[in-house]
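Asker: Below you will find the structure I want to go over with you.
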Amino acid sequence: MTPRPSTFSIVARDPEQDAVGVAVQSKFVSVGSVVPFVSADAGAIATQSFANVAYGPDGLDLLREGRSAEEVIAELTDADDEAPSRQVGVVGADGSVAAFTGDECFDVAGDIQGDHYTVQGNILENEATLDAMAEAFETTDGGLPERLLAALHAGNDAGGDKRGEQSAAMYIAKPEGGYDGGNDRWVDVRVDDHDHPIAELERVFKLYDITLLEREAPAETMSLSGETAEAVLETLSVLGFYDGTPSGEFDDKAVEALESFRGMNNFENHSLAVLEDAIARGWDDVAGGETASEGGTAREDDATDELDGETKLIEAIWQGLSRLDRK
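Residue 1 is where the sequence shown starts when you use the UniProt record's numbering, and the numbers rise one by one after that.
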């Protein structure tokens with residue numbers, strides 16, 4: 001029997017960042033290997049519901065040739081005898097937006113378009129899933145990654161995939177956005193099989209963000225001091241990076257410990273001063289041990305149900321960096 005992947009996705013564009021991307025969740029293993037196709041010089045495409053993966057490269061080629069999103073969908077579906085069972089969303093780098101839901105897609109199936117985005121889904125629990133995704137994308141603050149993740153969370157919370165959760169992915173392209181500027185692969189994170197794939201996707205993205213994405217330099221930086229400095233040093237001590245007596249003074253030995261933590265986690269994308277500033281600003285947001293993702297997939301201590309030390313530091317860094325615009 002042919003699998004019937006039940007899926008919801010959002011395809012969107014951020015004109016300020018010159019970025020286009022797809023975020024998707026499905027009761028289907030490794031949805032990131034099937035649904036999203038993205039190129040900074042063309043646009044973004046999500047192909048799902050008995051997906052025709054040829055829609056990805058063929059559609060991007062048509063966008064490069066100057067076709068609008070509407071024209072791309074017309075050409076792809078007109079040439080496909082199985083189009084009634086397909087679903088596809090397209091956002092062009094030119095700003096055009098369109099989607100198609102075939103008459104033979106399994107209910108609940110549909111799509112919604114707005115400025116710079118389209119959401120689509122099939123085998124959904126309800127129509128509210130798509131409405132919630134659209135509203136979340138339109139009202140969430142932050143960059144394109146945050147807005148795409150918010151749309152996935154909102155859709156899932158509103159009903160989501162009728163068959164449950166399994167995998168999720170987010171793929172965003174922008175010119176020279178890839179590693180060391182060598183390609184356009186700005187954000188590319190996937191969760192192939194997980195009980196709470198959207199929450200896990202968010203956790204993985206935050207690591208990716210700190211490690212690979214650049215931020216504008218802060219106008220001023222804060223130093224760690226007082227109770228926050230002592231708590232951070234206690235954490236670094238437990239993790240084996242600091243062998244002194246934790247205190248409210250973040251001295252040279254403390255800075256050396258933070259540098260060791262930075263090197264171990266490949267966070268050299270940010271200076272020590274920026275990391276210290278980020279922790280100083282973000283620590284209180286996570287000091288209570290609450291996970292950032294509602295799904296609670298951040299690593300926790302089994303005995304206390306609190307975030308473990310490394311996760312707490314990483315979450316604090318991400319929270320602190322979030323006030324800075326990405327480059």
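The beta-carbon is built from N, C-alpha and C at its ideal position, and this holds for glycine as well.
Could you check which residue in Gly282, Ala280, Ser247, Ser237 has the C-alpha nearest to that of Ser260?
Answerer: Against the sequence shown, residue 260 aligns to sequence position 260. Ranking the options by Cα distance to Ser260, first place goes to Ser237.
Asker: Who are the near neighbours of Asp80 in its chain, counting only those whose CB is closer than 7 Å to its CB and skipping five residues on each side?
Answerer: Taking the first residue of the sequence shown as position 1, residue 80 is located at position 80. Here the set comprises Asn52, Arg86.
Asker: Can you tell me whether DSSP reads Pro175 as helix, strand or coil?
Answerer: Indexing the sequence shown from 1 puts residue 175 at position 175. Coil, per DSSP.
Asker: Using the DSSP secondary-structure output, state which residues sit across from Asp188 in a beta bridge.
Answerer: The residue you call residue 188 lines up with position 188 of the sequence shown. Answer is Tyr171, bridged to Asp188.
Asker: Using only alpha-carbon positions, find the residue among Ser68, Asp94, Ser225, Pro36 that is nearest to Val11.
Answerer: One-based indexing of the sequence shown puts residue 11 at position 11. The option with the nearest alpha carbon to Val11 is Pro36.
Asker: CB-CB under 6 Å to Gly177, same chain, minus the five flanking residues each way: which ones, in chain order?
Answerer: By one-based count along the sequence shown, residue 177 stands at place 177. So the list reads Asp184, Trp186, once near-sequence residues are dropped.
Asker: Quick check on DSSP: helix, strand or coil for Arg281?
Answerer: Translated into positions along the sequence shown, residue 281 becomes position 281. Looking at Arg281 - three-state DSSP - the assignment turns out to be helix.
Asker: Can you give me the C-alpha to C-alpha distance between Ala44 and Gly92, rounded to a whole angstrom?
Answerer: Translated into the one-based positions of the sequence shown, residue 44 becomes position 44. Translated into the one-based positions of the sequence shown, residue 92 becomes position 92. Near 6 Å, if we compare the C-alpha coordinates of Gly92 and Ala44.
Asker: Where does residue 335 sit, in a helix, a strand or coil, going by DSSP?
Answerer: The shown model of the chain, from 1 to 327, leaves out residue 335, and the question about it has no answer.
Asker: With H, G and I counted as helix, E and B as strand and the rest as coil, what does DSSP make of Glu276?
Answerer: Residue 276 sits at position 276 when you count from the first residue of the sequence shown. DSSP places Glu276 in helix when its eight states are reduced to three.
Asker: Within its chain, find whatever has a CB closer than 8 Å to the CB of Gln17; leave out the 5 residues flanking it on each side and keep chain order.
Answerer: Translated into positions along the sequence shown, residue 17 becomes position 17. So the qualifying residues of the chain are Gly143, Leu144, Lys174, Arg326.
Asker: Is the region 67 to 82 close to the region 123 to 130, with three or more CB pairs under 8 Å?
Answerer: Touching, no.
Asker: Could you pull the DSSP bridge partners for Val238 from this structure?
Answerer: Sequence index remark: in the sequence shown, residue 238 carries index 238 (1-based). Answer by DSSP bridge pairing: none, since Val238 is not bridged.
Asker: Give the straight-line distance between the Cα atoms of Leu313 and Tyr55, rounded to the nearest whole angstrom.
Answerer: Locating residue 313 in the sequence shown gives position 313, where the first residue counts as 1. Locating residue 55 in the sequence shown gives position 55, where the first residue counts as 1. C-alpha separation (whole angstroms): 42 Å.
Asker: The alpha helix (DSSP H) spanning Asp131 covers which residue range?
Answerer: For the purposes of this step, residue 131 is taken as residue 131 along the sequence shown, with counting starting at 1. Looking at the DSSP string, the run of the alpha helix (DSSP H) that includes Asp131 is 128 to 139.
Asker: Taking a contact to mean a Cβ-Cβ separation below 9 Å, would you say Leu130 touches Phe28 in this structure?
Answerer: Here residue 130 corresponds to residue number 130 of the sequence shown, with the count starting at 1. Here residue 28 corresponds to residue number 28 of the sequence shown, with the count starting at 1. No. Outside cutoff.
Asker: Does any C-beta atom of chain B lie closer than 9 Å to the C-beta of Ala40?
Answerer: The chain inventory of the structure shown lacks chain B, comprising one protein chain alone.
Asker: What residues in its chain sit with their C-beta under 7 Å from that of Leu148, if we drop five residues either side in the sequence?
Answerer: As a working note, residue 148 is residue 148 in the sequence shown. Cβ within range, chain order: Ile10, Ala12, Gly21, Ala23, Met170.
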